[in-house]
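Peer 1: Take 566 as the starting number for the sequence shown in the numbering used here and just add one per residue. Got a structure here, written out as structure tokens. Questions coming.
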Amino acid sequence: MHELGITRNLVAIVSEQAHGKRVLRVWLEMGTRTALMPDAVRFCFDVVAQGTVLEGAVLDILEIAAGLQCEECGTYADPDRITDEKIVVVCAQCRSSKLRRRSGEELNIKAMEVEPCA
Ligand SMILES: [Zn+2]
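Structure below.
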């Protein structure tokens, strides 16, 4: 299973960053074109996390669609309407022109929450 190797890497990276503290929650950005199944990643995460500082941690998967995403409000522009580069695209929600191109192949650890110091 492809997800298992990916999840092992994820747990290893987060463990290292946690410096021995218990990890309560992990936010993972995952593109919809990565061919990974979010449910499978969650399942693997629970298995791989056992016996590590991530045991029992919640995995939040934020799915990233391919296309343009507004940096102001996070709304996605319709990828079918951005093929013509001459068209200046603005966010349909807030009219911002700060749009970032997303490949849909992202896989990033966005954030993690560790147990606060006692
Ligand atoms: Zn916007």
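Idealized CB from N, CA, C, for every residue including glycine.
Three or more C-beta pairs closer than 8 angstroms, one from the stretch 671 to 682 and one from the stretch 581 to 596: is that the case here?
Peer 2: yes
Peer 1: Suppose the cutoff is 6 angstroms on Cβ atoms and the five residues either side in sequence are ignored; what does the same chain contact list for Arg607 look like?
Peer 2: Reading the sequence shown from its first residue, position 42 is the one you call residue 607. Cβ within range, chain order: Leu624.
Peer 1: From the DSSP output, read off the bridge partner residues of Val591.
Peer 2: Position 26 of the sequence shown, counted from the first residue, corresponds to residue 591. In DSSP, Val591 forms a bridge with Leu624, Met677.
Peer 1: Taking Gly684 as part of the alpha helix (DSSP H), name the residues at either end of that continuous run.
Peer 2: Given a span of 566 to 683 for the chain in the structure shown, any question on residue 684 remains unanswerable.
Peer 1: Strictly by DSSP, which residues pair up with Leu664?
Peer 2: Looking up residue 664 in the sequence shown gives position 99. As a beta-bridge residue in DSSP terms, Leu664 pairs with Cys635.
Peer 1: Would the C-beta of Thr640 count as close to ligand 1, meaning under 7 angstroms from any of its heavy atoms?
Peer 2: Looking up residue 640 in the sequence shown gives position 75. Yes; taking the cut-off as 7 angstroms, the Cβ of Thr640 has a heavy atom of ligand 1 nearer than that.
Peer 1: For Glu568, which of Gly616, Ala600, Glu680 has the nearest alpha-carbon?
Peer 2: Taking the sequence shown and counting its residues from 1, the one referred to as residue 568 is at position 3. Taking only the C-alpha atoms, the option nearest Glu568 is Ala600.
Peer 1: Expressed to the nearest angstrom, what Euclidean distance is found between the alpha-carbon atoms of Leu575 and Glu581?
Peer 2: Numbered from 1 along the sequence shown, position 10 holds the residue referred to as residue 575. Numbered from 1 along the sequence shown, position 16 holds the residue referred to as residue 581. Taking the straight line joining both Cα atoms gives about 10 angstroms.
Peer 1: Verify whether the separation of the beta carbon atoms of Cys635 and Ser661 is less than 8 angstroms.
Peer 2: Sequence index remark: in the sequence shown, residue 635 carries index 70 (1-based). Sequence index remark: in the sequence shown, residue 661 carries index 96 (1-based). Taking 8 angstroms as the Cβ cut-off, Cys635 and Ser661 qualify as a contacting pair.
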